[in-house]
Amino acid sequence: MSGDFLGTFENSVNKQRITIPAPFKAKFSSEAEQNVIITIGPNHSIAIYPLDNWNALQERAENGDEKVKKLIYNLKDFAIPEQPLEGPGRVRISEELLNIANINESVIIKGEGSYISLWNPEKFKQLRQQKLEAHQHDFNSLDYQI
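The sequence shown runs 152 to 297 under this note's numbering.
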């Protein structure tokens with residue numbers, strides 16, 4: 152399996168293409184063969200799944216409840232055909248997905264564990280600030296003593 156994708160990067164969008172950061176590209180397994188499935192993500196983002204992680208997601212969904220099956224159906228409905236990473240890790244994103252995520256010239260690329268998400272920078276900053284405030288409210292220094 153590919154992953155564990157962690158961290159954030161900011162990059163430009165050039166002719167509907169983004170470049171997967173080298174630390175993420177290095178985490179693709181040989182089973183993924185540098186191929187990805189690109190579809191909608193949560194909160195108006197775009198999700199990029201290495202092919203092996205996508206296949207594993209579909210297998211888990213076969214035994215899932217109705218909500219999981221509906222999620223997979225929607226992901227498939229918005230997915231663009233399987234794509235290989237080009238050259239240094241570039242991948243083409245459909246105009247429809249870029250519009251859904253409101254991504255234009257710049258993009259935040261975030262590791263989500265088993266997949267990579269793409270975000271409008273302003274939307275990402277807003278959600279990040281909300282998460283930070285919730286985290287600071289919910290946890291203190293004793294909670295870090297695991």
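Where a beta carbon is used, it is the ideal one built from N, C-alpha and C, also for glycine. Since the structure is predicted, the reported quantities are computational estimates derived from the model, not experimental observations.
Using beta-carbon positions only, say whether residue i and residue j come within less than 8 angstroms of one another.
i    : j    : result
E182 : D203 : yes
Q185 : P239 : no
L157 : I197 : no
E233 : I188 : yes
Leaving out five residues on either side along the sequence, give the residues of the same chain with a beta carbon under 7 angstroms from the beta carbon of residue i.
i    : result
N245 : The amino acid at residue 245 is misidentified as Asn; the sequence shows Ser. Taken in chain order, the residues that qualify are I231.
M152 : S180, D203, N204, A207
S163 : E256, S257
I251 : I191, H195
Nearest to residue i by alpha carbon, out of the options?
i    : options          : result
E256 : R279, N165, S292 : N165
A173 : R241, Y266, R279 : R241
Y200 : L248, E161, G264 : G264
In the DSSP assignment, the beta strand (DSSP E) including residue i goes from what residue to what residue?
i    : result
K261 : 257-262
L269 : 267-270
I297 : Here I297 belongs to no beta strand (DSSP E), and DSSP marks it neither H nor E.
I189 : 186-191
So residue i is in the alpha helix (DSSP H); what residue range does that whole segment cover?
i    : result
A177 : Premise fails: A177 is in no alpha helix (DSSP H) and is neither H nor E.
P201 : Run containing P201: none in the alpha helix (DSSP H); it sits in the beta strand (DSSP E), 197-201.
V242 : Counting along the chain, V242 falls outside any alpha helix (DSSP H), though it belongs to the beta strand (DSSP E) covering 241-243.
I251 : 246-251
Between residue i and the rest of its own chain, which residues show a CB-CB distance below 6 angstroms, the 5 nearest in sequence each way excluded?
i    : result
K221 : none
N253 : N271
R168 : R241, R243
To which residues of the same chain is residue i closer than 8 angstroms at the C-beta, ignoring the five residues directly before and after it?
i    : result
T148 : Nothing can be reported for residue 148, as the shown portion of the chain is limited to 152 through 297.
May I ask whether a heavy atom of the ligand NAD can be found less than 7 angstroms away from the beta carbon of residue i?
i    : result
E247 : Annotation note on the ligand NAD: not contained in the displayed structure, which lists no ligands.
May I ask you to verify whether the stretch 211-219 touches the stretch 259-272, counting CB pairs closer than 8 angstroms and requiring at least 3? Contact annotation: the stretch 211-219 does not touch the stretch 259-272, with fewer than three C-beta pairs closer than 8 angstroms.
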